[in-house]
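Single-structure report; data block below.
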Amino acid sequence: MGFSPEAVIHVEKKKRDGEYEEIHRSPRSPFRSMLLKDIFLVAMMIGYHKKAREPLKGTFHDLFRASTFNSEEEWLLKSIAITEKRNLDVLLDENEKEILKIAEEYANAGILILHDIIFGGTPGDPLKRIESSVKDILNEIRK
Amino acid sequence: MKIYEIELENYRQYRGNHIIRLSTDNTHNLNIILGPNGAGKTNLLNAIDWCLYGDEPSLEKTRPELQQCIANEKELSEKGNVIVRVKILMGNEQPEYSFERTIRISKSSIDAHPEEHEKSWYVAYLEGNNWKSYNGSDWNNMTLFNNIVSDILPRGIRSFFFFDGERLDDFFRRGMEHEVKKAIIKVCQIELLDRCIHHLTDKSAELRKGIRGASSEIEDISKAIDLLTQSKRELVEKIENLSKKITEAEKNKEDIDDKLRKFTKFDVPELQKERDRLEIEIKKIDDKIKDKENEIRRHFASGIIFILGFSALKSAYEMIDQRKKGIKQPRIPPDIREKFLKDLLTCHQCICGTELSEGSPQRESIEKLLNSVKFTSKISDSADEGYYKIANILEKCKKFKSERVELEKEYQDLCDDRKKKDQRLKEISERLKGMPVDEIQSLESLRDSFEDEIRKCIAERAQKELQIKTVEEKIKMKNAEFKKELEKDKKQKKLRLKLELCDKSIKALNGIKEKVAKELRERVEQKTKEYFLNLHWKKEVFKDVKIDENYEISIINNLGTECLGTLSAGERQILALSFMAALSSVSGFEAPVIIDTPLGRISGKPKEKIARSLPKYLENSQLTLLITDQEYTPTVRNNMKERIGKEFELRYDEEEVNTEIVEIGGDV
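Taken in order, these protein sequences are the chains called A and B. Take the first sequence: its position 40, counting from 1, is numbered 40 in my numbering, and each next residue is one higher. Take the second sequence: its position 486, counting from 1, is numbered 486 in my numbering, and each next residue is one higher.
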């Protein structure tokens with residue numbers, strides 16, 4: 001199905017210039033040179049995992065079009081919205097904005113956590129640290 | 001453009017007056033100037049540089065001690081006073097330009113250093129059938145002369161037309177990417193853009209400093225930007241110096257390797273060969289390690305999002321599943337039911353015959369049913385799609401960990417392999433240091449110290465590069481702060497606009513610079529490949545020549561493997577000549593090419609093979625080779641004869657301190 005072509009993913013402008021830029025450009029970042037869409041998704045999911053959700057404030061920045069999500073990513077966003085709303089009505093076209101808003105708000109809080117994981121000064125590989133924080137989930141999946 | 005004539009008067013070995021008239025015939029445009037070491041071959045090249053540009057770059061680099069006096073020493077000591085003059089006649093189909101530089105040199109009465117007097121210059125060019133000439137007596141004020149020379153061949157790129165064949169190999173030693181980059185950047189002539197960028201950066205700083213009546217915040221930010229800009233410049237300078245040190249150490253290390261390869265005692269050459277092979281393999285492993293690191297990062301980013309969202313995916317899947325189980329399966333699909341109800345409403349009659357007139361309770365009941373069917377059908381369609389997609393994702397999550405473990409293992413294997421090879425390199429070094437020959441021991445220790453220096457410099461350079469990035473970030477932030485503060489102050493609107501213009505121009509110029517450099521790199525790559533495959537005697541062995549975005553050159557053989565490190569000295573010379581030809585061709589200047597000792601480092605068969613290829617080299621340019629008799633063997637001569645126009649011999653008389661230029665052949 002895919003998101004509508006006019007739908008856009010927003011982030012706070014100061015976070016686009018700050019955290020997103022550093023995670024995207026810094027040679028110390030394991031997500032350097034990756035697509036901003038991928039960084040957004042990691043931030044969103046870290047936000048979701050840590051139950052950190054924050055409405056966007058200040059000036060917004062158009063990060064990318066929602067239609068660039070592939071179908072798996074699209075269903076990840078929809079699953080979060082379904083779980084949050086405890087209702088499948090969120091799948092209706094007219095609720096697309098709501099799905100994206102939830103994603104944006106999780107990413108808005110998650111980007112700060114992700115930035116801290118990478119640049120916060122804790123020694124060791126940031127990827128390994130993220131991975132160890134989901135050890136329980138990985139064990140559950142294996143079962 | 002060709003050189004018709006070179007006239008030398010009392011220039012170094014050339015005592016008195018000497019004229020050399022080169023062949024300008026389009027089909028026989030190869031000139032050979034033959035002479036033993038010390039006869040004045042390189043000084044002929046120096047004379048051309050001195051006349052046209054006022055300096056002697058090859059002496060400056062190789063033997064600075066010889067720079068002191070350009071006058072013939074015998075003439076100077078006998079007469080005490082001597083005129084030194086070099087004149088060059090150049091043109092396309094006929095002589096069109098004449099350049100001359102003169103100086104009078106006398107012995108100093110006070111010390112050993114000679115004194116320079118009466119400097120003069122002369123330039124003439126053909127306009128229609130008439131020569132227009134200009135002259136002057138101030139070498140610091142010869143703009144017209146310099147402009148004409150620059151139109152023919154700018155100073156910055158002359159080294160790709162007049163060069164020393166023995167130094168060519170430097171381009172393709174390991175770690176010399178910045179030399180290749182420097183050459184390509186020079187040929188782009190983008191220093192003009194660099195100058196503009198510097199100028200605009202200075203202008204921005206000047207504008208900021210010139211603010212009057214601004215707030216103390218603005219002044220503080222401005223000062224901070226100046227300090228950061230200064231620190232960036234210092235870092236750039238340090239990086240350049242470190243790069244030079246690395247180049248120098250790499251070269252020294254390679255020279256030691258060359259010497260070790262030539263040792264006949266013990267198993268030194270075998271050990272060195274093994275080391276050569278291991279170093280190539282390590283380079284390949286390093287590339288693989290980098291690729292694997294990227295693969296791990298990509299795999300992680302694309303997989304971890306689903307792991308982190310596992311609970312949401314699972315819960316959404318269960319909700320859809322429950323809904324599917326809870327809904328009574330309709331006998332007919334939702335879209336058909338929707339169409340059926342719509343048809344009833346259009347016909348205004350139910351299948352049982354009941355009238356469905358507007359406003360009737362029966363019609364309202366059907367309309368209500370239609371809305372509910374529409375809603376349910378949309379959710380069902382979407383949920384159906386999601387049901388299968390989410391199931392796939394959950395399945396994929398199960399593989400994430402095992403795939404990641406596999407990737408980490410592959411990465412670890414590569415690292416272990418590298419460690420083993422490093423260990424073997426250490427063992428080789430220890431064995432060489434333990435050889436019972438002092439020279440081998442000291443060469444190996446020296447090599448160790450060069451390796452150490454390279455390692456330290458590379459680490460320091462990487463650190464400085466990181467620092468530059470941080471400083472650049474800070475400059476960017478401070479500039480944004482500055483702009484914000486300026487916006488608050490309406491009086492500074494004009495200044496703000498000027499600064500914005502500077503910023504936009506710098507950004508645009510940087511964009512142009514990158515684009516031009518990329519385009520030129522690709523053209524040099526294409527031309528180098530063309531020349532290399534054309535000149536090489538084993539065409540079928542090589543498939544491609546590449547210059548990547550880091551200016552690293554690689555040669556791909558027909559098996560698809562990179563083989564620059566295994567090229568023979570002769571093959572490397574062909575590659576270097578091809579690269580030089582590509583640079584001169586891409587530069588757009590059609591100047592003559594002069595190569596000093598083109599075959600100096602090549603021995604035996606490869607020399608003859610290169611000689612066979614040389615007539616094809618820059619076929620449309622006048623090519624002059626300054627060559628020793630060891631290089632110019634009868635076979636070499638025979639292999640080049642079809643293109644030779646004239647041959648000269650330099651005969652040096654040690655007693656008279658004079659070189660005679662004698663034409664010995666021609667139209668062979």
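By construction, the Cβ of each residue, glycine as well, lies at the ideal position given by its N, Cα and C atoms.
Using a C-beta to C-beta distance shorter than 8 Å, which residues of chain B count as neighbours of Y48/A? Your numbering for residue 48/A matches position 48 in the first sequence. Residues of chain B passing the Cβ test: L308, G309, A312.
Across the segment 39–57 of chain A and the segment 99–114 of chain A, are there enough close Cβ pairs to call them in contact, namely three or more that are closer than 8 Å? yes
Measure the alpha-carbon distance for R521/B versus K464/B and round it to whole angstroms. Translated into the one-based positions of the second sequence, residue 521/B becomes position 521. Translated into the one-based positions of the second sequence, residue 464/B becomes position 464. Straight-line Cα distance between these residues: approximately 26 Å.
Hey, quick one: how far does the beta strand (DSSP E) through S106/B stretch, first residue to last? The residue labelled residue 106/B in the question sits at position 106 within the second sequence. Here the beta strand (DSSP E) through S106/B covers 95–106.
Residues of chain A with CB closer than 7 Å to the CB of K504/B, please, in chain order. Within the second sequence, numbered from 1, the residue matching residue 504/B stands at position 504. Residues of chain A passing the Cβ test: none, with the nearest at roughly 18 Å.
Going by CA-CA distance only, name the one from N87/A, P5/A, P27/A that's closest to T68/A. Here residue 68/A refers to the residue found at position 68 when the first sequence is read from its first residue. The option with the nearest alpha carbon to T68/A is P5/A.
Is there contact between the segment 27–40 of chain B and the segment 650–657 of chain B, where contact requires at least three CB pairs shorter than 8 Å? yes
In the segment 68–91 of chain B, which residues sit with their C-beta less than 8 Å from some C-beta in chain A, listed in chain order? none
Three Cβ pairs or more, each shorter than 8 Å: is that satisfied between the segment 215–226 of chain B and the segment 480–497 of chain B? yes
Note down the Cα distance separating E237/B from R195/B, rounded to an integer number of angstroms. The residue labelled residue 237/B in the question sits at position 237 within the second sequence. The residue labelled residue 195/B in the question sits at position 195 within the second sequence. Distance between the alpha carbons of E237/B and R195/B: 16 Å.
Simplified DSSP assignment, three categories, for F306/B: Counting from one through the second sequence, the residue named residue 306/B turns up at place 306. DSSP places F306/B in helix when its eight states are reduced to three.
Sorted by chain position, which residues of the same chain lie with C-beta nearer than 7 Å to N534/B's C-beta, five sequence neighbours on each side aside? What you label residue 534/B is simply residue 534 of the second sequence in a count that begins at 1. Hits under 7 Å: K616.
Would you decide whether H536/B is buried or exposed? Buried here means 16 or more other CB atoms lie within 10 Å of its CB. What you label residue 536/B is simply residue 536 of the second sequence in a count that begins at 1. Burial call: buried.
Going by CA-CA distance only, name the one from S302/B, L260/B, Q492/B that's closest to S215/B. By one-based count along the second sequence, residue 215/B stands at place 215. It is Q492/B.
Suppose only complete runs of 3+ residues qualify. What are the beta strand (DSSP E) ranges in the segment 545–616 of chain B, listed by chain order? 553–557, 593–596
Compare the C-alpha of A611/B against each of N620/B, L626/B, T635/B and name the closest. Taking the second sequence and counting its residues from 1, the one referred to as residue 611/B is at position 611. A611/B has its Cα closest to that of T635/B, out of N620/B, L626/B, T635/B.
Nearest residue (CA-CA) to T633/B, options G600/B, L583/B, N392/B: Position 633 of the second sequence holds residue 633/B. That would be G600/B, whose Cα lies nearest to the Cα of T633/B.
Tell me the rounded alpha-carbon separation between V84/B and G156/B. Stepping through the second sequence from its first residue, residue 84/B is reached at position 84. Stepping through the second sequence from its first residue, residue 156/B is reached at position 156. Using only the alpha carbons, I get a separation of about 25 Å.
Quick one: Cα of V593/B to Cα of L614/B, how far? Indexing the second sequence from 1 puts residue 593/B at position 593. Indexing the second sequence from 1 puts residue 614/B at position 614. Those two C-alpha atoms are separated by around 13 Å.
With a threshold of 8 Å between beta-carbons, can S585/B be considered close to chain A, or not? Sequence index remark: in the second sequence, residue 585/B carries index 585 (1-based). For S585/B, the answer is no, since every Cβ of chain A falls outside 8 Å of its Cβ.
Applying a beta-carbon distance threshold of less than 7 Å, which residues of chain A neighbour R671/B? No information on residue 671/B is available, as it lies outside the stretch 1 to 668 that chain B covers here.
According to DSSP, simplified to helix, strand and coil, what is L520/B? For the purposes of this step, residue 520/B is taken as the residue at position 520 of the second sequence. L520/B falls in the helix class under three-state DSSP.
Would the segment 75–85 of chain A count as touching the segment 16–25 of chain A if we require 3 or more Cβ pairs under 8 Å? no
With a threshold of 6 Å on Cβ separation, who are the neighbours of T597/B within its own chain once the five nearest residues in sequence on each side are excluded? For the purposes of this step, residue 597/B is taken as the residue at position 597 of the second sequence. So the qualifying residues of the chain are G165, E166.
Is there at least one Cβ from chain A nearer than 8 Å to E403/B's Cβ? Residue numbering aside, residue 403/B sits at position 403 when the second sequence is read from its first letter. It does not; no Cβ of chain A falls within 8 Å.
In or out: R28/A buried (at least 16 other Cβ within 10 Å) or exposed? The count along the first sequence starts at 1 and reaches residue 28/A at position 28. So R28/A ends up on the exposed side.
Does the Cβ of I190/B lie closer than 7 Å to at least one heavy atom of the ligand MN? Absence of the ligand MN from the depicted structure is noted, as is the absence of any ligand whatsoever, leaving it without description.
Contact list for F266/B against chain A, beta-carbon separation under 8 Å: Numbered from 1 along the second sequence, position 266 holds the residue referred to as residue 266/B. Simply none; closest approach about 45 Å.
Is the Cβ-Cβ distance between Y4/B and T24/B less than 8 Å? By one-based count along the second sequence, residue 4/B stands at place 4. By one-based count along the second sequence, residue 24/B stands at place 24. Contact: yes.
Through-space distance from K518/B to I556/B, alpha-carbon basis: Translated into the one-based positions of the second sequence, residue 556/B becomes position 556. Translated into the one-based positions of the second sequence, residue 518/B becomes position 518. Roughly 21 Å separates the two Cα atoms.
Using beta carbons (cut-off 8 Å, strictly below), is F300/B in contact with chain A? The residue given as residue 300/B occupies position 300 in the second sequence. With 8 Å as the cut-off, F300/B counts as an interface residue toward chain A.
With DSSP run on the structure shown, which of helix, strand or coil describes I282/B? Here the question's residue 282/B lines up with position 282 in the second sequence. Of the three classes helix, strand and coil, the one that applies to I282/B here is helix, per DSSP.
In the DSSP output, what is F648/B paired with across the bridge? By one-based count along the second sequence, residue 648/B stands at place 648. DSSP, once it has assigned bridges, lists I33/B, E663/B as partnering F648/B.
Residues of the segment 394–419 of chain B whose Cβ lies closer than 7 Å to any Cβ of chain A, in chain order: Answer set for the segment 394–419 of chain B: C397, K398, K401.
Along the chain, where does the beta strand (DSSP E) containing W75/A start, and where does it finish? Residue numbering aside, residue 75/A sits at position 75 when the first sequence is read from its first letter. Here W75/A belongs to no beta strand (DSSP E); instead the alpha helix (DSSP H) covers 71–85.
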